[in-house]
Every structure is written in C-alpha cells, then in structure tokens.
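Presented below is the structure to which this report refers.
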Amino acid sequence: MDLAEKLGVLADAAKYDVACTSSGIDRDAQRGCLGSTTSAGICHSFTADGRCITLLKVLMTNACVYDCAYCVNRVSNEGVRRVAFKPRELADLTIGFYRRNYIEGLFLSSGVVRNPDFTTELMIQTLEILRFEHGFRGYIHAKAVPGTSPELIDRLGHLADRMSVNLELPSQQSLALLAPDKSRQDILAPMRRIRENIAEDREVRAMMRRQTAYLAQTRPKRKTRAYAPAGQSTQMIVGATPESDFQILKLSGALYQHMGLKRVFFSAYLPVNDDVRLPSSDAVQLDREHRLYQADWLLRFYDFNVDEIIDADHPFLDPYVDPKANWALNHLDLFPVEVNTAPYEMLLRVPGIGVKGAKLIMKARRERALGEEELRRLGVAYKRARYFVTCNGRYGGVGVAFERDALRARLMAPIEGGRHGRRSARTCEGQLSLFEEVETPEKARARGQARRLDAAPAALAEPAGPATPERLFAC
Amino acid sequence: MLARGEQAELFSEVAYAYDGSLEGLLSAIFAAYERRENPTDVEPRFRLQPRLDQRVSLIDVNLEHAERVRAGLAGSCGPAAYSAMKAAALCSEAGSGTAAYRFVRYAYDAAPSRRRAFSDVAHPDVAPLRRIWKRVGTERERMLQFVRFEELEGGLWFARCNPQDSVIPLVMDHFASRFNTQAFVIYDETHGVAGVYEGRDWYLVNVADGGSLNIPPATAREAQMRAAWKAFYRSVSVEARYNPELRRHFMPKRLWRNITEMQEDLPGLSRKGSPCA
Ligand code: SF4
Numbered sequence: 434m435d436l437a438e439k440l441g442v443l444a445d446a447a448k449y450d451v452a453c454t455s456s457g458i459d460r461d462a463q464r465g466c467l468g469s470t471t472s473a474g475i476c477h478s479f480t481a482d483g484r485c486i487t488l489l490k491v492l493m494t495n496a497c498v499y500d501c502a503y504c505v506n507r508v509s510n511e512g513v514r515r516v517a518f519k520p521r522e523l524a525d526l527t528i529g530f531y532r533r534n535y536i537e538g539l540f541l542s543s544g545v546v547r548n549p550d551f552t553t554e555l556m557i558q559t560l561e562i563l564r565f566e567h568g569f570r571g572y573i574h575a576k577a578v579p580g581t582s583p584e585l586i587d588r589l590g591h592l593a594d595r596m597s598v599n600l601e602l603p604s605q606q607s608l609a610l611l612a613p614d615k616s617r618q619d620i621l622a623p624m625r626r627i628r629e630n631i632a633e634d635r636e637v638r639a640m641m642r643r644q645t646a647y648l649a650q651t652r653p654k655r656k657t658r659a660y661a662p663a664g665q666s667t668q669m670i671v672g673a674t675p676e677s678d679f680q681i682l683k684l685s686g687a688l689y690q691h692m693g694l695k696r697v698f699f700s701a702y703l704p705v706n707d708d709v710r711l712p713s714s715d716a717v718q719l720d721r722e723h724r725l726y727q728a729d730w731l732l733r734f735y736d737f738n739v740d741e742i743i744d745a746d747h748p749f750l751d752p753y754v755d756p757k758a759n760w761a762l763n764h765l766d767l768f769p770v771e772v773n774t775a776p777y778e779m780l781l782r783v784p785g786i787g788v789k790g791a792k793l794i795m796k797a798r799r800e801r802a803l804g805e806e807e808l809r810r811l812g813v814a815y816k817r818a819r820y821f822v823t824c825n826g827r828y829g830g831v832g833v834a835f836e837r838d839a840l841r842a843r844l845m846a847p848i849e850g851g852r853h854g855r856r857s858a859r860t861c862e863g864q865l866s867l868f869e870e871v872e873t874p875e876k877a878r879a880r881g882q883a884r885r886l887d888a889a890p891a892a893l894a895e896p897a898g899p900a901t902p903e904r905l906f907a908c
Numbered sequence: 103m104l105a106r107g108e109q110a111e112l113f114s115e116v117a118y119a120y121d122g123s124l125e126g127l128l129s130a131i132f133a134a135y136e137r138r139e140n141p142t143d144v145e146p147r148f149r150l151q152p153r154l155d156q157r158v159s160l161i162d163v164n165l166e167h168a169e170r171v172r173a174g175l176a177g178s179c180g181p182a183a184y185s186a187m188k189a190a191a192l193c194s195e196a197g198s199g200t201a202a203y204r205f206v207r208y209a210y211d212a213a214p215s216r217r218r219a220f221s222d223v224a225h226p227d228v229a230p231l232r233r234i235w236k237r238v239g240t241e242r243e244r245m246l247q248f249v250r251f252e253e254l255e256g257g258l259w260f261a262r263c264n265p266q267d268s269v270i271p272l273v274m275d276h277f278a279s280r281f282n283t284q285a286f287v288i289y290d291e292t293h294g295v296a297g298v299y300e301g302r303d304w305y306l307v308n309v310a311d312g313g314s315l316n317i318p319p320a321t322a323r324e325a326q327m328r329a330a331w332k333a334f335y336r337s338v339s340v341e342a343r344y345n346p347e348l349r350r351h352f353m354p355k356r357l358w359r360n361i362t363e364m365q366e367d368l369p370g371l372s373r374k375g376s377p378c379a
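Just so you know, the protein sequences line up as chains A and B, in that order. So the first sequence is numbered by my numbering: it starts at 434 and just counts up by one. So the second sequence is numbered by my numbering: it starts at 103 and just counts up by one.
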C-alpha cells in the first residue's frame, strides 16, 4: 500500500474528531529549527464541508481492541481495512507537509493497539523524532488514550502543545452503554493529571524566571519543553444519547471551571455503524451542534454563565433564535441601552453586537457621538441591534412593538447551513425510529464499501446492510 | 497643447499620478503640501483614469520626501496608521491611493488629535482607509494560508500565487522566520513580483514579463507528496456536512488554481502554468 493510500485511510478514520485548531500559543522561530506557531492559528485549507484544515489530523493506526458503538474503528467492524504508520514515516510526512505550507502541525490520535500504554509509546516515539531530530517547532496536538499510565501522560505532554482526552459522551450511563471499555475514571484521571502538570509547570517556570533575574547561575542547563502550553481540550458526541442541552452545557461549564479546559468541542453524532444501542435516524443534529457552540461562545467570550443561557425547565436551546437573542428577549427590562454611554459589558449583551463591534464602539464613541450610520460602518448588525439600542436617545426599532413575541419574530434566524448535507432540520421528528435501520454513506464505508464525496449519491438508495446479529435483533 | 497657465484655468481639478510604489504615494502626499494643491485623485499611473475636467500631474519618486512623510506619519499618527498607508500602496482597488491621501489631509488639517485620528473609525475620511487596510490584511492572511510550496531540483522551494493585492512584501517575514534555513521563492503572477529568500535576508524581484523566471523541474519526491496531500484532503471531508458555499467563502475560487488540493476540481485548468506539470 503506498503512502497516499495509507494516509487516506488513517485520515478518514480520524476526521470525526472535530477538535482541530492550531491556536493558543505564540512561538517564534529559532535559528536552525523549522517552524513557528501563531496564537491565532492558521487555516491552510477548507474541506468540502467548509471546515478548517490546519493540522495533519491522523491516527497512528486504525486498529483498535476496543469496541465503542459509535466508532468506525471498533474491533467488531470486520470490513474495515487496518493500517498503521511507523513513527518515522509519520514524522517525515509531517515535515514534508509543513515545508510545503500545507499544515501548521500534527494532530495525533490513535486506535488502541494492544493496550493504552503501548499505543502512547508509539505516539511518543513519533513526537520525539519530530521535536528532537527535525527540531520541529510547529504545533502538535496529542490525544491521550484513556487508561494510559501517568508517566507516559507526562512524557507526551512535554512534547505536545495541546493535549486532549475525549469525554466522548455527556454522562456515565451513556458511556457505559456505548463505550464499555472506557470508564469515566479512565477518562477523568489523565484529564486531571494534565491539568495538574500544566499548573505545576507554570509555577516552576514562573519561579525560575523570578530567581534567574537575581541569580543568573541557577539557570537550568537544558531547557525543558513547557508542558502542553496551549492547554487542554475535550470533545463529546451530541445526539447519540438522550442528554439535554442543559446537561451538556452544565458539564462543559464545569469542565472550564474545574478542569481548566481551553475548549470543549461538540460533535453531532454521525451514524457510521448499525447498532441497536444507537438512534437509527440518519439525521445529523448539526443545527443543535451549532446552537451549542453559540452557547459555548457566550460562556467563553461574553461573560455569560450557564444559568443565564439555559435552565432545567427549558433544557433545550431554542432552535429558532440564538441563545444570546434569547437571553435579551427574556430580559427586555434591561433594554434598550444607549450605545454612546452603555458600559462594555452591556454592549456585549446586545444582539447584533459582537466582541469586535463592542470594542470598536468603545473606541469610536470617544471621538464622536454614534448614530445608525456609524454603527453600520463599525460592522454592527444593525438590523438586529436596532431593537435593543438607542443612538443619542433615538430608538431605532420604531414600528415594532417592544414586547417578547413581536421582537422574537424579528430575530428569528434559520441557521444558514448551506443547501446540502443531511441536517437535522430537514427530518421531522416522527421520523426517528428505533426499529428501522437507515443507510448512510458512512455506514457503507464502515463495511468497506468506500464512496467518494463527489460520486453520484445513488448509493444512498441502496438497501440496508448485511444481516449482522444486531440488525436481525433490531428487526 | 495649451500653455501651462491657461491649462490651470481650464481644468478646475488636479489628479496626481505616482509610480505605484509606497515611496511614490508618500512623495505625492509631500507634493500636495509643498505645492499647496488638493488633488481630487491620487492614483498609480497605470490605474488613473482622469476625468474630463482633470489636469494630471505626474509625480516622481523622491526618496527624501517620502522618508520625511513616513517619519512624520509613523511618529504622529501611530504605527497602525502607517501600516494602513503601506496597505493602500499595495492595494489594487481603484481609489486606494486617494483614500490614503484623504486620511493624511484629515489627520493633519482637521482632526482634533493626530495620534487618535486613525481611531476615529466612523469618520468618512478614515473609514475608507481602514477598509483598505482590512482588505489587504485579509489578502495577506489568505496568502499565509494558501501559498503552496514545491521542492525543486537544487534545493529551492518555489510557490506560485495570484493574490488580488500585491501582498508578497507582507508575507516574506512570516515565511522567512518559519522556514528558517530553507531558501524559497514566492512568485506573484498577478503583479509580476517575486519574493526571494536565500536563507538570511529576503528581497523583491520584478518579473513583469515572466521572461526572467527560470524554474528548474520539481524533485521526484514532490509528486508523491502532492498525491499524499490530495488523498488526505479528499478523505477529511465529512459527507453528511457537505457545504460548498461555506468552503468558497473561506477559500475563494479565484485562488484555487494555485492551491494544490483544489487544482483537479477546476475543470479546464491548464496545468502548463505549474512547473511540475
Ligand atoms: S477506543 Fe473506541 S473510539 Fe477510540 S478508536 Fe477504539 S473503538 Fe474507536
């Protein structure tokens, strides 16, 4: 099998991992070494579904001894061809891509070969070749396999910029049901270990900096790499199990707070296997994923806390208005605000004004009083903002009653998801059935019948897959 | 031809035509102050389309004048404003030189504070320059993203690109520090400019006619790498999420012909433009 083919298989198997950023760390180039990182990250290409490609995202191998229900690589999928990279082969490929400006670095994950420790050793070997032989200073994201021993987690973290352990599913019951080989403990232990290592590493570094200012001779001889300087992230699958948005957001809020995570990624469940434990609709809950990300954004950049966005009585996010607009509609007594005097925190809460817009408003209003024209020029979505602001005392939303329902009608915005793909919005609720199997291209591939994206979609209509025991049981 | 004096009476307005360089633009601004004129257009020669009532005045580059304007601007209006002037000189959009000139006029003659003039984002003389600044910044970013290098015989790395604005000078630092000892050339086929880095410093070369561009063949490994990259690109798409509109938004089609993984998706693209065809 040639390199391109092998890469195709191992990238295909890794693509369902949505976490793919090269951001969070600035590292200048160094004479004689290859590469640098920029804190904003750089997208080097975009997939046909419009997602950013920034890292070479591959698996070390797609062979796996575990049997997670939702995963293509699970051991019970016998139709899948298993391949593996040798550490040197993968390191050289990464360098080759990097020199051509195809990528910012490497995102390395793996199926579990033999056991978690053996798998992690292979990953460490690869990263050591990259960092020490090639002097590679680009970005590396390494995924810790649940159940890896703490010593190996420590070594891996010193080679990587970002570490992640996938939470996989939002509750323990779901995990036990769909990923029986992974326990909550297996996942949380490395996560905690990474958090501690990052904190400790920071402390030691800060201490060293303080000391060396006075005692130059105590400077360490060999500079050790920082421990995962771009932090830690995780990912969970949304829509494979019955957890509500409320539970999911509560959980991610807690992860930000207690685990010090940089990002929590959500991945809309995509049916790749036929399995009675999984929902059998072929709908992909992309709209739900989208709303969850909007809510997550509010948590991270807009100083919202979870309770403001969602509560146990309304455990799902409104599919028709975004969570920020929803908050504003529930707090009409605080609006309208005067753009020329409102504090920054309040501007941030106006629908149609983003972080950039709010900052520009703060800057611009020092020079002149802002009116509608100026707001538009500053990149504010005035069409939405007008109902919630006054400009020099003038209210822009005249003509629409200032009450919840009327304003909600104005703010409703269908999610612009393009005209293709299987978005959940397209399937009506009654279609979700537990007793019918639905055929999807991903399932075909999991059985080893590959189909390319641009090929004719005729394959969609083909009758359901072979009669596995699970299927027979289901019917 | 009319004599100069009569000309001035006949034409009510004046347009300045500079050579298209940053130094030219700065010289033109200097000239406007020195001659106590207020040109309605300040544009590169190749772009200027004078209106009927306009007299055209050709401005020669004067490095000393340019340096005085540069120092004054960077000092009193701040580095951001100066970087926007640079962007205006590199921008291909009609009116970008004029926008830069109008900003200087505003900052020096009318603004309450020069230092904060560029922050007056909503002012009609500032907003256009800021927009150009942003546009050129976006194009620069796109080049950081989409420039694709190939390895040529002899150890040179070569990239061909077609940015809408002439942003090569703005990306050389980034690639030079990133690739470090790796020598490379980035060739902008739209503007006939090549950025050359030989492992220590970089410089620009004008290759307007394309004649002086002599590209050795690609290495044997190159084809393998391209194939691997294309295989990777194809397999990372999630079919259920297919959304080509979104992809075109992030990766405009006009750039596809120089993006390795997109080339085969462009029907009728002649591959003779690429050195490793
Ligand atoms: S551990 Fe589970 S999710 Fe990971 S590759 Fe194996 S089967 Fe898939």
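Don't be surprised by glycine CBs; every beta carbon is placed ideally from N, CA and C.
If you reduce the DSSP assignment to three classes, tell me which class residue i lands in.
i                : result
Pro146 (chain B) : strand
Ile475 (chain A) : coil
Phe518 (chain A) : coil
Cys824 (chain A) : strand
Lys789 (chain A) : helix
Asn345 (chain B) : coil
Thr470 (chain A) : strand
Cys485 (chain A) : strand
Tyr289 (chain B) : strand
Phe868 (chain A) : Low confidence applies to Phe868 (chain A): its pLDDT is 40, below 50, so where it sits in the model is not reliable, and the reading given next is rough at best. Correct three-state label for Phe868 (chain A): coil.
Phe565 (chain A) : helix
Residue i: buried (16+ other C-beta within 10 angstroms of its C-beta) or exposed?
i                : result
Ala446 (chain A) : buried
Pro756 (chain A) : buried
Gly826 (chain A) : exposed
Arg464 (chain A) : exposed
Asp459 (chain A) : exposed
Ser114 (chain B) : exposed
His225 (chain B) : buried
Phe679 (chain A) : buried
Ser910 (chain A) : Lying outside 434 to 908, the shown extent of chain A, residue 910 (chain A) is not represented and no answer is given.
Tyr305 (chain B) : exposed
Asn140 (chain B) : exposed
Gln606 (chain A) : exposed
Using a Cβ cut-off of 7 Å, pull out every chain B residue sitting near residue i, in sequence order please.
i                : result
Ala481 (chain A) : Ser339, Tyr344, Pro346 and Arg349
Ala444 (chain A) : Phe334, Ser337 and Val338
Run down chain B in chain order and give the residues with a C-beta less than 8 Å from the C-beta of residue i.
i                : result
Cys476 (chain A) : Gln247 and Phe352
Ile486 (chain A) : Tyr335 and Val338
Asp594 (chain A) : Residues of chain B passing the Cβ test: none, with the nearest at roughly 15 Å.
Determine the chain A residues that contact residue i at a beta-carbon separation under 7 Å, and present them in chain order.
i                : result
Asp211 (chain B) : Within chain A, no residue comes near Asp211 (chain B); the closest Cβ sits about 16 Å away, beyond 7 Å.
Asn308 (chain B) : Chain A residues near Asn308 (chain B): none, gap ~24 Å exceeds 7 Å.
Ligand 3 and residue i: does the residue's C-beta get closer than 6 Å to at least one heavy atom of that ligand?
i                : result
Arg809 (chain A) : Absent from the structure shown: ligand 3. Ligands present: ligand 1.
Give me the chain B residues within the contact set of residue i, using Cβ-Cβ distance strictly less than 9 Å, ordered along the chain.
i                : result
Tyr726 (chain A) : None at all; the shortest Cβ gap to chain B is about 14 Å.
Leu467 (chain A) : Arg280, Phe281, Asn282, Thr283 and Gln284
Lys490 (chain A) : Phe334 and Val338
Considering residue i, what are the terminal residues of the alpha helix (DSSP H) in which it resides?
i                : result
Glu836 (chain A) : Looking at the DSSP string, Glu836 (chain A) is not in any alpha helix (DSSP H), and its letter there is neither H nor E.
Asn360 (chain B) : Unbroken run through Asn360 (chain B): none, as it is neither H nor E.
Ile131 (chain B) : Leu124 to Glu136
Glu806 (chain A) : Glu805 to Arg810
Gly686 (chain A) : Asp678 to His691
Ile742 (chain A) : Val739 to Ile742
Arg328 (chain B) : Ala322 to Val338
Ser582 (chain A) : Careful: Ser582 (chain A) lies outside any alpha helix (DSSP H) and carries neither H nor E.
Just the chain A side, please: which residues come within less than 9 Å of residue i by C-beta, in chain order?
i                : result
Ser198 (chain B) : Here the premise fails: no neighbours, minimum Cβ distance about 18 Å.
Glu252 (chain B) : Arg533
Val223 (chain B) : Leu793, Lys796, Ala797, Glu800, Glu807, Arg810 and Leu811
Give me the chain A residues within the contact set of residue i, using Cβ-Cβ distance strictly less than 8 Å, ordered along the chain.
i                : result
Gln365 (chain B) : Neighbours of Gln365 (chain B) on chain A: none; closest Cβ ~12 Å, over 8 Å.
At 9 Å on the CB atoms, spell out the chain E contacts of residue i, in chain order.
i                : result
Lys448 (chain A) : Protein chains in the displayed structure are A and B, and chain E is not among them.
I need the boundaries of the beta strand (DSSP E) containing residue i, first residue and last residue.
i                : result
Leu306 (chain B) : Trp304 to Asn308
- Could you pull out every unbroken alpha helix (DSSP H) segment of at least 4 residues lying fully inside the region 214–286 of chain B, listed in chain order? 216–219, 229–248 and 270–281
- Task: Please specify which runs of the beta strand (DSSP E), each continuous and at least 3 residues long, are wholly inside the region 494–562 of chain A, giving them in chain order.
- Result: 538–542
- Task: Only counting runs of 4 or more residues, tell me where the alpha helix (DSSP H) segments fall wholly within the region 155–217 of chain B, in order along the chain.
- Result: 165–179, 181–192 and 198–207
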